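A.B. asks: Can you read through this structure? Questions will come right after.
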Amino acid sequence: MPEHLLDLPVPNGAQAQGQMGEISEGQRSGHCAAGLEARDLRQSGDGQSCFEKTMNILRSKWNAALGLVRNLSSMAYDQYAMQKLKPLYCAYLPWTRATMRPRAIELCCNAVALIRPEIVVECGGGNSTFFVRSLLRQSGYGRLITIEENSNWAMVLSRQLEEHGLSGYGQIVCAPLKPAEKNGVVGIWYDEEILRPLLESAQGSIGVLIIDGPTGQPTESRRDLSRRYFAVPFFQDYLAPEYFVLLDDTNRAGESTCLRLWRDHCKMRFTEFGVSGACAYFSNSPLLLD
């Protein structure tokens, strides 16, 4: 062994153990401090971990971004639908939050053009009334029956249709709402005593049924949740061999309930359409199958 190595101090067993003990204690202290810091990060004052808070924030931002994408996609669908509906424009029509979306109106017009129904029934009139009547005028077949519970709106709609030269392609029926019960479902629905006489000769003739009424309420009670449910059970016997049914506002609780009840009671499984799921349709016509 080289001589200069012989001069190096060699710790005895106690010294070595003490040095190792010092290192071990330092490491232990560091680990404890790191553990306390990590615990502080993991646990907040309300008992929610930092990870959970971070995930909640990310989830909220993701949902907001997803909602924005859905809105933009819906706007794109509506703009495309407006271009396709352009040949049916008769005049300026006001569009509000309560108005049926252009994509839903386009679906209804597609059904009218392909099925060529003898009778179209619409629960709740609005911009769809103008487009459907305009299509009936162009094609030269069929008529539209619009059912309204609001007599004032029925008068406004009749006057506007007359001004646009569309008064001769159907009729508007004012039927107030009354308590109704069907298949164990209790709610309110149009007065059937007014509707039945109008449909005496319509057995098997309704090829398109548009359900955008009765009007939904901003704060619906349990009684009102299924107010549109009665449309399908009532009109089912009047439907043509090939038919199309559309329900608007399926992003609301009441209309979602209707879809479930129609599946169970009427054997109709509707397809929700659009990114935002604002409407749903059912059809047995091979011309309208995807």
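As numbered in my numbering, residues 69 to 358 make up the sequence shown, in order. Backbone N, C-alpha and C define an ideal beta-carbon position, used for all residues, glycine too. Treat the numbers as computed from the prediction; the structure is a model and nothing was measured.
Are there 16 or more other CB atoms within 10 angstroms of the CB of Arg295, so buried, or fewer, so exposed?
C.D. replies: By the neighbour-count rule (16 or more Cβ atoms within 10 Å), Arg295 is buried.
A.B. asks: With H, G and I counted as helix, E and B as strand and the rest as coil, what does DSSP make of Glu93?
C.D. replies: Note on Glu93: pLDDT 47, under 50, position unreliable in the model; the coordinate value appears next. In the structure shown, Glu93 sits in a helix (DSSP, three-state: H, G or I).
A.B. asks: Leaving aside the five residues before and after Glu216 along the sequence, list all residues of the same chain whose C-beta is less than 8 Å from its C-beta, in chain order.
C.D. replies: So the list reads Gly192, Gly193, Ala222, Leu225, Ile240, Val241, Cys242, Ala243, Gly281, once near-sequence residues are dropped.
A.B. asks: Quick check on Met168: buried or exposed, where buried means 16 or more other Cβ atoms within 10 Å of its Cβ?
C.D. replies: It is buried - the Cβ of Met168 has at least 16 other Cβ atoms within 10 Å.
A.B. asks: Identify every run of the alpha helix (DSSP H) within the region 189–234, keeping only runs that are complete inside it and at least 4 residues long; order them along the chain.
C.D. replies: Complete alpha helix (DSSP H) runs here, min 4: 195–207, 219–231.
A.B. asks: Would you give the residue range spanned by the alpha helix (DSSP H) that Cys360 belongs to?
C.D. replies: Outside the modelled stretch of the chain, which goes from 69 to 358, sits residue 360, for which no answer is possible.
A.B. asks: What residue range is occupied by the uninterrupted beta strand (DSSP E) comprising Cys242?
C.D. replies: Cys242 -> beta strand (DSSP E) spans 238–242.
A.B. asks: When we look at the beta-carbon of Leu126 and count the other beta-carbons within 10 Å, is it buried (16 or more) or exposed?
C.D. replies: Flag for Leu126 reads exposed.
A.B. asks: Can you tell me where the beta strand (DSSP E) holding Pro309 begins and where it ends?
C.D. replies: That run of the beta strand (DSSP E) goes 307–316.
A.B. asks: Report, in whole angstroms, the separation of the C-beta atoms of Leu234 and Cys158, which I expect to be a contact under 8 Å.
C.D. replies: 7 Å between Cβ atoms; contact.
A.B. asks: Going by C-alpha distance, which of Arg171, Phe198, Leu245 is nearest Tyr160?
C.D. replies: The shortest C-alpha separation from Tyr160 is found at Phe198.
A.B. asks: So what's Cys347 in DSSP terms, helix, strand or just coil?
C.D. replies: Of the three classes helix, strand and coil, the one that applies to Cys347 here is strand, per DSSP.
A.B. asks: Compare the C-alpha of Tyr349 against each of Glu120, Ile173, Thr122 and name the closest.
C.D. replies: For the residues Glu120, Ile173, Thr122, the minimum Cα distance to Tyr349 belongs to Ile173.
A.B. asks: Would you identify the three-state DSSP class for Ala132, choosing helix, strand or coil?
C.D. replies: DSSP places Ala132 in helix when its eight states are reduced to three.
A.B. asks: Considering just the uninterrupted stretch of the alpha helix (DSSP H) at Trp163, what are its terminal residues?
C.D. replies: That residue, Trp163, is in no alpha helix (DSSP H); it is neither H nor E in DSSP.
A.B. asks: In its own chain, which residues sit with a C-beta less than 7 Å from the C-beta of Cys334, not counting the 5 before and 5 after it?
C.D. replies: These residues qualify, in order along the chain: Val300, Pro301, Gln304.
A.B. asks: Go to Phe303, then tell me how far its beta strand (DSSP E) extends in each direction, as first and last residue.
C.D. replies: Element bounds for Phe303: not the beta strand (DSSP E) but the alpha helix (DSSP H), 299–303.
A.B. asks: Hey, Arg171 and Tyr145 are a contact pair by Cβ (cut 8 Å); roughly how many whole angstroms apart?
C.D. replies: Indeed, because the Cβ distance is near 5 Å, the residues count as touching under 8 Å.
A.B. asks: Taking the DSSP output, what are the residues bridged to Pro282?
C.D. replies: Pro282 is not bridged to any residue.
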